[in-house]
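Novice:
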Amino acid sequence: MSNFSRRALGALLLLPGLAAAQGAPRRGGSISVAQCSANRFVASAQTARHPYFTVDLTTRIPYNALVWVDRQMRLQPELAIDWQPASADQSVWDITLRPGVRFHDGTPLRAEDVVASYELHRQRNFASGQIQKIEAMADGRVRFSLDAGNSEFPYVLAEYQNMIMPAAPVETIGNTGIGTGPFRFASTDPNRIAVYERNPDYWREGFPYLDRIELHNREGQQETALAGLRAGQFDMVMTIDPRSVRGLQRDADLVVDSGGGGHHYVIQLPKHPGSPFEDKRVRQALALGVDREAIVRLVYGEGNGWVGNDSHLVAADPNFLAMPRLPRAEAVARARALLAAAGHPNGINLGTLYWSPQSPEVGRYFQVLQETAREAGLTMALEQRPADGYVQFRTGENDLSKGSFHRFAMTAVGPRNPGISLFRMRGDFVESGHWRGAEHDRYMALYAEAMREGDAARRREMFAAMQSLLHEEVPALLPAGTMTFSVRRRHVQGFEFHPQIWSVRFDEVWRG
Amino acid sequence: MRWGWMRREVAVAEPVLQVRDLCIAWRGADGRANRVVDGVSFDLAAGATLGIAGESGSGKSTLARALLGHCRAGSAITGGSLRLDGDDLAALSEAELARRRGRVMAMVPQNPLASLTFHIPVGRQLEEVLRLRAGLSAGPARLRAVELFDQMGLPEPERLARRYPHQLSGGQRQRVVLACAIACDPLLLVLDEPTTALDKTTEAQVLELIRRLRRARQGAMVIVTHDLNVVADICDQVLVMQHGRIVEQGPVGAVFAAPREAYTRVLLGAALRVEEASRAAPALPGPALLEIKGLGFRYERPSLLRRAPLGPPILDGIGLSVARGEVLGVIGESGSGKTTLGGIVAGLLGGQAGAVRFDGKPLPGLAGQRTREQRRRIQMVFQDPLSSLNPRRRVGDAVMRPMRLFQGLDQREAARAAAALFEELGLEAGLLSRFPRQLSGGQQQRVAIARAFAAQPDLLICDEITSALDASVQAQVLDHLAAMQRRQGTAMLLITHDLAVVWRMARRVVVMQGGRILETGATEAVFRNPENPYTAALLGAASRAARAGRPEQAEARA
Amino acid sequence: MRAALRRPAALLGGLLVVLHLAVAIAAPWIAPFAPTSLLDAPLEPPGATYWLGTDDLGRDAFSRLLWGGRVAMLVAFAAGAVAVLGGALLGLAAAYRRGAFDDVVMRLVEMKLAVPTILFVAIFVTGFGQSVPVLIVAVGIIQMMGVVRTARAAGIVLMEQGYVRAAQLNGESGAIIILRELLPNVADLLAVEFALRASSALLLVSALSFLGLGISPPTPDWGLMVEDGMALLESEPALVLAPALCIATLVLGMNLAAEGLADALGLDAARGGGG
Amino acid sequence: MIALILRRGALSLVTLFLLVSFIFFATEVLPGDALDVSLSADEIATMPAEVMARRKAELGLDRPILERYWGFLGGLLSFDLGRTIITRAPVADIVAMPLRNSVALAGVTLLLALPVALAIAMAAAQSKGRALDNAVSGAAIIGYSIPEFVTGLLLIAVFAVWWPIFPATITASTDDPLSVLLAAAPLAIATTIIGSIAYLGRILRVGLIEVMAADFVERLHLSGIPRWRIIWLHALPAAMIPGLSAAALYAASLVSGVVVVEMVFAYPGIGAELVRAVTRREVHVVQAIALAAAICVVLFNLLADLGIAALDPRTRR
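Heads up: the sequence lines are chains A, B, C and D, in that order.
Just remember that the numbering used here sits 225 ahead of the position in the first sequence, which is counted from 1.
Just remember that the numbering used here sits 177 ahead of the position in the second sequence, which is counted from 1.
Just remember that the numbering used here sits 12 ahead of the position in the third sequence, which is counted from 1.
Just remember that the numbering used here sits 1 ahead of the position in the fourth sequence, which is counted from 1.
1. What are the boundary residues of the beta strand (DSSP E) that Gly196(D) is part of?
2. In the structure shown, what three-state DSSP assignment does Ser294(C) receive?
3. Which whole-angstrom value describes the C-beta separation of Pro54(C) and Asp68(C), a residue pair presumed to lie in contact below a C-beta threshold of 8 Å?
4. If the cut is a Cβ gap below 9 Å, which residues of chain D does Glu304(B) touch?
5. Does the Cβ of Phe410(A) have 16 or more other Cβ atoms within 10 Å, making it buried, or fewer, making it exposed?
6. Using a threshold of 8 Å, state whether the C-beta atoms of Pro579(B) and Ala632(B) are closer than that.
7. For Ser469(A), go through chain C and note every residue whose CB falls closer than 9 Å to its CB, in chain order.
8. Quick check on this structure: which residue in Leu715(B), Pro428(B), Leu290(B), Ala358(B) has the alpha carbon closest to the alpha carbon of Ala322(B)?
9. Could you check if Asn574(A) is buried or exposed, using at least 16 other CB atoms within 10 Å of its CB as the buried criterion?
10. Spell out whether any CB of chain C is found under 8 Å from the CB atom of Gly588(A).
11. Using CA atoms only, rank isn't needed, just tell me which of Leu563(B), Val399(B), Ala660(B) is closest to Phe612(B).
12. Which residues in the same chain have their Cβ closer than 6 Å to the Cβ of Gly226(C), if we skip the five residues on either side of it in sequence?
13. Is any beta-carbon of chain C found at less than 8 Å from that of Tyr145(D)?
14. Got a sec, what are the start and stop residues for the beta strand (DSSP E) Lys358(A) sits in?
15. Listed in chain order, which residues of the region 234-262 of chain D have Cβ atoms closer than 9 Å to some Cβ of chain B?
16. Give the straight-line distance between the Cα atoms of Tyr579(A) and Met650(A), rounded to the nearest whole angstrom.
17. So, for Pro241(A): in the same chain, excluding its five sequence neighbours on each side, which residues have a beta-carbon less than 6 Å away from its beta-carbon?
18. Taking contact to mean 3 or more Cβ pairs, one atom from each stretch, closer than 8 Å, check whether the region 452-471 of chain A and the region 702-710 of chain A are in contact.
19. Roughly how many angstroms separate the alpha carbons of Ala222(B) and Val415(B), rounded to a whole number?
20. Where does Val699(A) land, buried or exposed, given buried means 16+ other C-beta within 10 angstroms?
21. At a CB-CB cut-off below 8 Å, which residues of chain E make contact with Ala124(D)?
22. In chain order, what are the residue ranges of uninterrupted alpha helix (DSSP H) at least 4 long that sit wholly in the region 596-674 of chain B?
23. Should Glu149(D) be flagged as near chain A, meaning a C-beta pair shorter than 8 Å?
24. Within 10 angstroms of the Cβ of Gly92(C), are there 16 or more other Cβ atoms? Answer buried if so, exposed if not.
25. Residue range of the alpha helix (DSSP H) that His32(C) falls in?
26. Do Phe535(B) and Leu466(B) have their C-beta atoms within less than 8 Å of each other?
27. So, do the region 242-259 of chain D and the region 297-308 of chain D have three or more beta carbon pairs nearer to each other than 8 Å?
28. With a threshold of 16 other CB atoms inside 10 Å of the CB of Gln509(A), please say whether the residue is buried or exposed.
29. Does Val109(D) get closer than 8 Å to chain A when you measure Cβ to Cβ?
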């Protein structure tokens with residue numbers, strides 16, 4: 226019996242992990258929330274309520290997924306109360322649905338709704354393509370058949386688009402905005418405003434507390450959102466720049482919440498012939514030369530960020546294996562020694578590092594990275610590229626025969642489970658800089674094994690071995706990451722922020 | 178016709194206007210004061226008419242405005258007095274002046290089109306003066322306006338009152354501003370260049386109207402003009418100005434008959450005197466150099482994408498020929514098509530109908546389509562000497578450019594040739610390195626002529642080449658041009674509105690009006706015995722100043 | 013030029029521009045620290061070492077201020093030059109050729125008026141990257157179309173001048189006529205246009221930086237400093253106000269200089285600035 | 002007049018065609034397409050290549066560029082602006098309300114700024130070269146020299162945060178009645194007005210100074226007509242004429258050009274929609290907005306022509 230199911234069975238009715246609020250929660254009232262993170266979609270009036278076209282942060286206001294990931298990145302039951310692999314290679318999974326759940330329109334949640342929802346997700350959601358077949362089974366169970374073993378499949382069921390909607394054809398499903406969440410849509414203004422009202426039949430007994438939530442999209446316009454907060458128009462602003470935290474904390478009326486973890490950046494190191502990164506020693510020197518603590522201290526502020534370990538894992542993940550820390554002087558000395566050994570005694574020019582403003586602090590992040598790497602003899606130029614089309618830009622044409630290769634460039638990495646995160650370092654993907662060789666093959670073999678492994682403790686060992694490989698080989702650089710932050714006025718209580726912004730819940734928020 | 182609004186009684190003995198040592202100065206951008214009217218004194222009695230004559234820049238218009246107590250921004254009365262009806266205008270406040278303007282003194286400004294508000298019907302503009310200055314209420318003002326228009330000889334005054342200034346002819350506009358000025362029967366009426374914008378026929382009519390006004394009114398009148406013919410026509414006294422000073426003043430007859438000052442003589446000399454023999458060069462024998470048959474021109478039809486006025490024919494059935502070495506005068510007023518004709522021969526305009534042959538071969542329309550040799554052989558001198566030279570290039574460049582282009586001279590040879598050419602035209606070789614603005618108008622025009630001769634042309638087109646020049650330098654430029662023309666045996670198409678220029682330069686003349694040729698013939702024959710009434714009118718208007726100096730004419734006027 | 017300097021406002025404008033230029037050019041020598049070095053703790057208060065304190069990455073705010081106008085001014089002046097040169101040649105060529113060429117040029121000008129500026133820059137920057145040369149070209153083209161109109165209008169007047177006609181009659185080539193006869197005579201106009209275009213380019217660049225399409229870090233830039241500092245406005249107002257003041261005084265200086273120059277040359281600066 | 006309108010119409014069609022083609026091909030040469038930019042790096046990291054290819058085919062993004070171009074032009078000819086690529090929503094629905102809001106903002110701005118600009122210009126022109134003129138022109142230049150986002154943020158800091166009498170950000174919906182929307186946007190309107198007054202004031206001042214030097218003004222002055230009457234009845238209408246075209250172009254540029262203000266105040270206008278559409282590579286939305294902006298230019302120009310015709314009888318034929 227897997228770890229997951231045991232824990233899941235223990236939490237049959239109530240969601241644990243949500244911190245207790247101060248004082249006795251009060252019912253009723255309304256709050257107005259602004260959010261600043263980028264929303265990649267252009268919604269129209271038809272699609273404004275579709276889980277794919279709402280802001281990530283708000284998907285769990287009207288909707289629920291089968292599984293929820295808590296602040297410690299652990300799986301928690303949501304619409305599913307149990308999940309079990311039905312085959313030894315972890316490629317078939319059976320899910321047991323929570324009984325007695327009703328959609329906003331009063332119809333009960335059935336296995337068919339899950340099947341219909343996943344017909345869409347299978348085609349559209351990036352992580353759900355592995356699902357080959359979904360079947361409704363007797364007594365409220367659903368069977369998922371995957372294309373290969375995936376011991377971390379339940380994390381897919383918690384992904385931000387994978388919400389459960391009432392059954393409908395793929396073309397129209399989700400447009401009604403009907404879900405099972407604590408609130409239901411009252412009105413929407415695409416890309417701008419969503420107003421939600423309390424769902425009186427919410428399956429979590431006694432929740433939610435609030436009568437109404439008004440959400441205002443202020444993507445990329447944090448100053449306006451914060452001005453609105455100070456002017457009393459908003460009660461809360463979510464996903465704010467870590468730099469603003471210091472100033473906001475000084476204001477006695479405001480409370481800054483940290484999600485306890487969040488995104489970070491991968492810097493892909495192209496390893497084609499002629500690239501300086503072909504030489505492992507240069508990569509190692511870079512890993513040593515970049516002052517990760519300085520990035521955390523200067524860009525995020527002490528305690529607001531974390532030091533990365535050159536894997537795609539975030540520090541909040543229980544599987545995260547920290548790198549050994551060296552005093553700065555020693556790290557620089559070692560980096561210089563490695564460079565000298567690689568034939569660059571006077572330092573090396575690494576060319577242009579491309580970056581894109583995928584979050585507000587990126588510019589400062591890479592300035593610190595550039596300056597501290599310089600201390601170790603690694604110089605580089607920085608060039609900004611627009612966020613729009615950037616992911617393709619960094620990938621390039623990637624045709625070695627034409628002399629075109631992917632670029633020395635950064636990309637943002639979200640906080641996800643090891644099964645998704647560690648897969649990103651595969652050699653045929655650009656973020657690993659097309660890592661090749663025996664170590665890569667060993668890494669991928671370990672990955673494949675872990676994905677078939679049902680036991681969490683054994684899996685954890687394999688993940689640790691993979692991370693150690695990355696520390697040694699440095700196929701890519703992932704120096705440091707940030708927490709996520711939101712700020713609220715004191716009277717908003719019972720709120721906790723989350724490292725995955727799409728897992729934020731408003732069930733227990735109340736107005737004092 | 179009754180002139181009932183002129184009832185003012187004025188003591189004849191005392192002058193209405195007394196100007197003493199008047200000085201007006203402009204403060205330039207450099208902060209230095211520049212006197213444009215310098216110690217001017219004169220008296221003007223009621224009923225008298227004074228003509229202030231002078232060329233542009235003589236300060237006569239500044240003086241005219243000062244007679245209403247007005248100086249344009251940047252200028253001020255710096256000395257002297259200006260007594261009108263007992264008050265010193267120079268000492269009055271702006272408010273007191275405003276009270277008198279329009280009532281005691283009024284002005285007919287120079288350019289009637291620009292001087293009328295373009296977006297208000299002319300009737301309302303006159304009513305405005307009548308209501309605000311003559312104190313009439315709306316109804317009577319309207320009636321009075323129509324009455325005034327009628328008295329000004331304007332046709333259908335009621336309908337005309339509803340028209341906008343641009344819908345009126347030049348003569349009608351002049352009458353409208355005249356009506357506005359005399360609306361309150363001012364003691365002093367100042368007319369600034371009242372006929373400059375008009376053609377000769379209209380000029381005669383307007384002058385007749387002014388003469389009638391002068392007779393009917395008892396107030397004094399001042400006419401500012403550069404045209405001595407106008408002074409001769411209607412003034413009793415004349416005051417000749419140059420560089421802000423009075424050169425000569427006195428009764429018209431006396432001054433014109435026996436000018437004491439050289440400058441006055443030059444001004445008068447520019448007037449046409451048909452009595453004297455023409456000194457124009459004869460044509461060389463041989464076939465015609467330029468032959469034009471049935472030439473017609475109109476602007477293109479507007480395309481969907483371009484807007485071009487589809488006017489009436491600008492030229493219609495023009496036929497003429499110019500022999501080698503011959504000077505052909507083309508006479509006509511603005512709008513007669515004479516400049517278009519010159520432009521077509523020169524190669525500036527294309528798309529004409531009819532045949533133009535040069536030296537026996539058909540001549541393509543635009544210069545770009547002509548051969549290099551044809552371009553060299555046909556050259557042109559333009560009206561405005563300043564604009565015909567690139568202000569950013571040394572004048573030597575302008576003259577040397579055709580030499581290098583057509584004769585293939587190198588820099589040194591061209592410089593030598595240019596110096597020689599300058600000498601022939603009476604210019605110092607040192608001027609070659611100057612910029613156009615550093616030269617006088619006459620020098621500029623001679624440089625332009627030098628540039629044309631630098632190409633060693635066979636045909637020179639001269640378009641109003643003296644009209645922008647002072648009378649005193651016109652003669653000089655024409656003399657040099659004539660001498661060059663004779664030396665080089667160049668044929669010339671001399672386009673001008675100035676009959677004196679044709680008289681002096683051309684053996685043969687073509688008279689144009691409305692795009693057609695009215696009359697062609699030997700200059701002497703045409704000028705002495707014009708067949709066409711229009712030619713006669715042109716000639717009549719052009720020779721009054723000359724006649725004014727003759728005793729019998731002066732007596733006849735009195 | 014001398015007449016322009018006699019006007020106090022124009023003199024002030026000229027002085028402001030010259031001062032800013034001098035500081036920008038001399039910045040590498042007069043700045044006490046490198047503008048990108050991480051020197052000390054973040055947000056140190058002003059003192060003897062750091063005259064304006066340190067910014068939130070621990071860099072010397074004063075040194076950054078001295079450096080902060082360099083790239084913006086480079087872009088603005090270079091874009092102004094691109095606009096004026098390109099615009100003058102295109103406008104004069106349109107005035108010279110007229111006909112279909114003129115029609116095409118005028119359609120291009122109209123098109124530029126119809127394409128929102130932000131869209132134009134966004135397409136440009138997304139396609140070619142956010143580097144300084146790309147910005148110069150994009151901003152230059154935007155500013156150019158106004159110059160085309162001005163130069164064309166002036167060129168049409170000049171085409172009627174005797175010296176241009178004389179050159180045409182002598183069969184001079186279009187290039188010679190445009191370069192020899194027309195261009196030198198619009199020089200005054202272009203000087204004013206340049207000042208106007210450069211100041212408007214500077215404003216545009218700062219707006220683009222605000223939208224994330226303009227100058228990018230690690231370049232020390234006033235616009236970026238203002239944008240960056242807004243988050244700290246309440247606690248560290250100097251970090252916003254000092255660079256904002258620099259932008260404002262520089263643009264003001266350019267506008268005053270343009271106005272004074274235009275006034276002295278008898279041109280019409282306000283209308284030239286439109287479009 | 003009708004000929005003029007027809008001529009303008011024909012020219013505008015040419016311009017619009019060029020514009021549409023320019024935007025289509027310009028957005029085509031950019032890296033990525035609507036699908037790519039709708040996916041995050043996380044998603045692309047995990048999405049298999051064949052899934053990506055299948056989705057592109059579904060969305061029609063793999064068709065040759067010319068085929069899509071002709072399809073788009075064909076749609077335009079039948080007044081169909083097309084649908085968004087990802088959500089398949091009619092573009093017209095997305096563009097209509099923001100366009101209304103932007104036109105309203107531009108209209109209100111112009112309506113409020115023009116009289117003020119006029120008053121300032123008249124005050125300045127009346128006292129050309131004197132203290133009042135210098136002060137007013139100086140203020141105009143300063144107003145013109147401050148970036149819009151600085152003005153906007155300062156207004157928010159002062160009038161919404163320190164002295165909270167106006168909302169800092171606009172929380173009204175895109176399709177709220179205009180009265181509600183505009184009432185929620187006093188600071189946004191103030192920001193656009195400040196820039197507009199500076200710009201329009203400068204243009205009008207120059208026009209007025211020019212006209213005050215005209216011959217007809219001197220004639221009226223020399224007829225003893227009072228100065229106020231000369232300015233109001235004679236000079237002002239004449240001074241408006243050259244300013245009108247510039248003001249029209251300015252108004253048209255306001256419709257799509259107040260992106261920064263729309264961003265700072267979250268005004269639901271076409272500029273912000275445009276930025277969103279460009280960054281999401283929704284070519285059809287970009288096209289529709291550019292077309293709308295171009296049509297605004299054409300219409301405002303036409304309005305200016307009509308205004309000029311009303312003011313200047315010389316242009317009526």
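Glycine residues also receive a C-beta, built at the ideal position from the N, C-alpha and C atoms.
These numbers were taken from a predicted model, which means no experiment stands behind them.
Specialist: Walking through what the data contain:
1. For the purposes of this step, residue 196(D) is taken as residue 195 along the fourth sequence, with counting starting at 1. Gly196(D) -> not in any beta strand (DSSP E); alpha helix (DSSP H) instead, spanning 187-213.
2. Residue 294(C) falls outside the range modelled here, since chain C spans only 13 to 287, and no answer is possible.
3. As a working note, residue 54(C) is residue 42 in the third sequence. As a working note, residue 68(C) is residue 56 in the third sequence. Right, the Cβ-Cβ distance comes to about 5 Å (below 8 Å), so this counts as a contact.
4. Position 127 of the second sequence holds residue 304(B). Going along chain D, no residue has its Cβ under 9 Å from Glu304(B), so there is no contact; the nearest lies around 12 Å.
5. By 1-based counting over the first sequence, the position of residue 410(A) is 185. Buried, because 16 or more other Cβ atoms sit within 10 Å of the Cβ of Phe410(A).
6. Here residue 579(B) refers to the residue found at position 402 when the second sequence is read from its first residue. Here residue 632(B) refers to the residue found at position 455 when the second sequence is read from its first residue. Cβ atoms of Pro579(B) and Ala632(B): closer than 8 Å.
7. Along the first sequence, one-based indexing puts residue 469(A) at 244. In chain order: Ala243, Leu244.
8. Working through the second sequence from its first residue, we reach residue 322(B) at position 145. Ranking Leu715(B), Pro428(B), Leu290(B), Ala358(B) by Cα distance to Ala322(B) puts Ala358(B) first.
9. Numbered from 1 along the first sequence, position 349 holds the residue referred to as residue 574(A). Around the C-beta of Asn574(A), fewer than 16 other C-beta atoms lie within 10 Å, and the residue is accordingly described as exposed.
10. Here residue 588(A) refers to the residue found at position 363 when the first sequence is read from its first residue. Using a CB distance cut-off of 8 Å, Gly588(A) counts as an interface residue toward chain C.
11. One-based indexing of the second sequence puts residue 612(B) at position 435. If we check each option's Cα against that of Phe612(B), Leu563(B) comes out closest.
12. As a working mapping, residue 226(C) is identified with position 214 in the third sequence. Closer than 6 Å at the Cβ level, and outside the excluded window around Gly226(C), lie Val217, Leu220.
13. For this step, residue 145(D) is matched to residue 144 along the fourth sequence. Under the 8 Å criterion on CB atoms, Tyr145(D) is classed as interfacial with respect to chain C.
14. Numbered from its first residue, the first sequence carries residue 358(A) at position 133. For Lys358(A), the enclosing beta strand (DSSP E) starts and ends at 356-362.
15. Going along the region 234-262 of chain D in chain order, one finds Leu234, His235, Ala236, Pro238, Ala239, Ile242 with a Cβ nearer than 9 Å to chain B.
16. Taking the first sequence and counting its residues from 1, one reaches residue 579(A) at position 354. Taking the first sequence and counting its residues from 1, one reaches residue 650(A) at position 425. One C-alpha to the other measures close to 19 Å.
17. Against the first sequence, residue 241(A) aligns to sequence position 16. The pLDDT assigned to Pro241(A) is 41, lower than 50, so where the model puts this residue is not dependable; a value taken from the coordinates is nonetheless given after this. Sequence-distant Cβ neighbours of Pro241(A) in its own chain, meaning closer than 6 Å and more than five residues away, do not exist here.
18. Contact between the region 452-471 of chain A and the region 702-710 of chain A is present, because at least three Cβ pairs lie under 8 Å.
19. Stepping through the second sequence from its first residue, residue 222(B) is reached at position 45. Stepping through the second sequence from its first residue, residue 415(B) is reached at position 238. Across the structure, Ala222(B) and Val415(B) are spaced so that their CA atoms are roughly 13 Å apart.
20. Indexing the first sequence from 1 puts residue 699(A) at position 474. Here Val699(A) is buried. Its C-beta has 16 or more other C-beta atoms within 10 Å.
21. The displayed structure is made up of protein chains A, B, C and D, and chain E is not among them.
22. Runs of the alpha helix (DSSP H) inside the region 596-674 of chain B: 618-631, 648-665.
23. Sequence index remark: in the fourth sequence, residue 149(D) carries index 148 (1-based). Judged by the 8 Å Cβ criterion, Glu149(D) is not in contact with chain A.
24. Indexing the third sequence from 1 puts residue 92(C) at position 80. Gly92(C) comes out buried.
25. Here residue 32(C) corresponds to residue number 20 of the third sequence, with the count starting at 1. The continuous alpha helix (DSSP H) containing His32(C) extends over residues 20-42.
26. Along the second sequence, one-based indexing puts residue 535(B) at 358. Along the second sequence, one-based indexing puts residue 466(B) at 289. Yes, these two residues count as a Cβ contact at 8 Å.
27. With the cut-off at 8 Å, the region 242-259 of chain D and the region 297-308 of chain D touch.
28. On the first sequence, residue 509(A) is found 284 positions in, with the first residue counted as 1. Residue environment: Gln509(A) is assigned as buried (16 or more neighbouring CB atoms within 10 Å of its CB, all protein chains considered).
29. Residue 109(D) sits at position 108 when you count from the first residue of the fourth sequence. Among the residues facing chain A, Val109(D) is not included, as its CB has no counterpart in that chain under 8 Å away.
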